[in-house]
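In what follows, a single structure is set out as structure tokens and then discussed.
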Amino acid sequence: MYDVDTVRADFPILSREVNGKPLVYLDNGASAQKPQVVIDAVTRGYAEEYANVHRGLHYLSNLATEKYEGVREIIARFLGAKDAEEIVYTTGTTMGINLVAYGWAMPNLEPGDEIVLSVMEHHANIVPWHFLRERQGVVIKWVDVDSTGYLDPQKVVDAIGPRTKLVAVTQLSNVLGTVVDVKTICDGARAKGVPVLVDGSQATVHMPVNVEDIGCDFYAITGHKLYGPSASGAIWMRRARMDEMRPFMGGGDMIREVHKDAITWNDPPMKFEAGTPGIVQQIGLGVALEYMMGLGMDNIAAHEKALRDYARTRLDGLNWLSVQGTTPNKAAIFSFTMQGAGHAHDISTILDKKGVAVRAGHHCAGPLMDFLGVTATCRASFGLYNTTAEVDALVDALELAHDLFG
Ligand code: PLP
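Residue 1 is where the sequence shown starts when you use full-length UniProt numbering, and the numbers rise one by one after that.
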């Protein structure tokens, strides 16, 4: 039985006030708060167990290495991956996608080759492909969503032509909350011999994920949204794809031998991990994922689904609010604009006065903003510790904003 009050007690920040009001944290889409177990793990990592990894033969280095390397298995379990060696550590999704862009796509794509993207991608899954467009003439093909924010997986498969070399798509929109049927996309892409990169930044926060079941080739996650430390993360890459890749960054750890006129690479995953990594961050990520799995991903999903339904009903009752993305299969993420209000920033500033933290802006999704015909929205994004009372607090604050804007 999922007891949200018990869960909330694990997150010390949730008991603080903001602007004299109890904090209502609805900016989880940007970054999530951390449970005490993660804070403790990070503190212990520095206070008692810190040394560089892989290098030393002393007690602390061995301890740090063991804990740091142990997280690969935790991430593999979290993602349903068969082999922990297919997990490459990153500082987050941005780095993971750049690794694929530089390490896999850059050496393998020719001018005129295509990458298929949905219009709902985050800039982290757009800008690296623009680099390839600018530098080597790669063509980006865009697939639109419908007016409800639904992405038809068949439209993505149909966009794959003879020159398509990669499909890169999010599993859950950070703006609309739309859940994308990436499995159908992967089935269709595989039949055409095209690999798929899935941006799992948001999906892994809200639902159970299994990369083998999805059938993708690359799956990127970001630790700070998963209740873990910032600058932690990973990308799962199918072993066969790893073998097709060049390293992205050069430096210590990713090599086997270095001479004046020759180098050889280490084996994956080390081949893709240059330099001193975020040791304590990754250890904290492991603890965060164990925390989520301890609560149960199905339980988290069920709790958030109930929140989504409640929030949808309450927000639908505000006829001066336009909520973007009404497709039924979506997470508890609501982007909206308000009739009569100037900029989304004005609404979020008023909400903040009531202790309600939301995001305002383009949410790093420029093409989607163009598609929706807006420059910015406010976004309330819920997480595993939010409550229906917080939905009410959001609605009260929105009503106040509406009264003020007249
Ligand atoms: N992809 C999606 C869907 C996101 O929501 C985000 C973060 O907001 C990212 C990618 C980028 O993640 P990060 O900044 O942690 O690398």
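Just so you know, even glycine gets a beta-carbon here, dropped at the ideal spot from N, CA and C.
Thinking C-alpha only, which one of 83, 125 and 278 is nearest residue 230?
The residue you call residue 230 lines up with position 230 of the sequence shown. Comparing Cα positions, the closest option is 278.
Here's a check: name, in chain order, each residue in its chain whose Cβ is nearer than 8 Å to the Cβ of residue 26, leaving out the five neighbours to either side.
Along the sequence shown, one-based indexing puts residue 26 at 26. Hits under 8 Å: 356, 357, 358, 380, 381, 382, 386, 390 and 394.
Since residue 185 and residue 204 are thought to touch, with beta carbons under 8 Å apart, how far apart are those beta carbons, to the nearest angstrom?
Working through the sequence shown from its first residue, we reach residue 185 at position 185. Working through the sequence shown from its first residue, we reach residue 204 at position 204. Actually they do not touch by this definition, with Cβ atoms about 17 Å apart.
Could you please give me the residues that DSSP links to residue 148 through a beta bridge?
Taking the sequence shown and counting its residues from 1, the one referred to as residue 148 is at position 148. Its beta-bridge partners do not exist; DSSP assigns none.
Can you tell me which of 245, 353 and 11 puts its alpha carbon nearest to the alpha carbon of residue 20?
One-based indexing of the sequence shown puts residue 20 at position 20. Nearest of 245, 353 and 11 to residue 20, Cα basis: 353.
Are the CB atoms of residue 232 and residue 281 within a distance shorter than 8 Å?
Along the sequence shown, read from residue 1 onward, the residue named residue 281 stands at position 281. Along the sequence shown, read from residue 1 onward, the residue named residue 232 stands at position 232. Their beta carbons are under 8 Å apart, which means residue 281 touches residue 232 by this criterion.
Quick check on residue 228: buried or exposed, where buried means 16 or more other Cβ atoms within 10 Å of its Cβ?
Numbered from its first residue, the sequence shown carries residue 228 at position 228. By the neighbour-count criterion, in which a residue is buried when 16 or more other Cβ atoms sit within 10 angstroms of its Cβ, residue 228 is buried.
Can you give the beta carbon distance from residue 107 to residue 137, rounded, assuming they're within the 8 Å contact cut?
Residue numbering aside, residue 107 sits at position 107 when the sequence shown is read from its first letter. Residue numbering aside, residue 137 sits at position 137 when the sequence shown is read from its first letter. With a Cβ gap of about 15 Å, residue 107 and residue 137 do not count as contacting.
In or out: residue 199 buried (at least 16 other Cβ within 10 Å) or exposed?
Against the sequence shown, residue 199 aligns to sequence position 199. Of the other Cβ atoms in all chains shown, 16 or more fall within 10 Å of the Cβ of residue 199; this residue is therefore buried.
Is the CB-CB distance between residue 53 and residue 371 below 8 Å?
Looking up residue 53 in the sequence shown gives position 53. Looking up residue 371 in the sequence shown gives position 371. For residue 53 and residue 371, no; Cβs fall outside 8 Å.
From this set, 384, 340 and 335, which residue's C-alpha is nearest residue 361's C-alpha?
One-based indexing of the sequence shown puts residue 361 at position 361. When only C-alpha atoms are compared, the closest one is 335.
Shorter than 7 Å, the distance from the beta carbon of residue 377 to the closest heavy atom of the ligand PLP, or not?
For the purposes of this step, residue 377 is identified with residue 377 of the sequence shown, where counting begins at 1. Checking the Cβ of residue 377 against the ligand PLP gives no.
Considering only DSSP beta bridges, list what residue 324 is partnered with.
Within the sequence shown, the letter at position 324 stands for residue 324. Looking at the DSSP assignment, residue 324 forms a beta bridge with 335.
Using a Cβ-Cβ cutoff of less than 7 Å, which residues in the same chain neighbour residue 17 once the five nearest sequence positions on both sides are dropped?
The count along the sequence shown starts at 1 and reaches residue 17 at position 17. Cβ contact annotation for residue 17 (same chain, cutoff 7 Å, sequence separation greater than five): 23 and 355, in chain order.
Kindly indicate the opening and closing residues of the beta strand (DSSP E) around residue 236.
Your numbering for residue 236 matches position 236 in the sequence shown. First-last of the beta strand (DSSP E) with residue 236: 233-237.
Can the beta-carbon of residue 408 be found less than 8 Å from the beta-carbon of residue 126?
Nothing can be reported for residue 408: it is not among the residues displayed for the chain, which extend from 1 to 406.
Pull up the DSSP beta-bridge partners for residue 27, would you.
Within the sequence shown, residue 27 is the residue found at index 27, counting from 1. Paired residue(s): 381.
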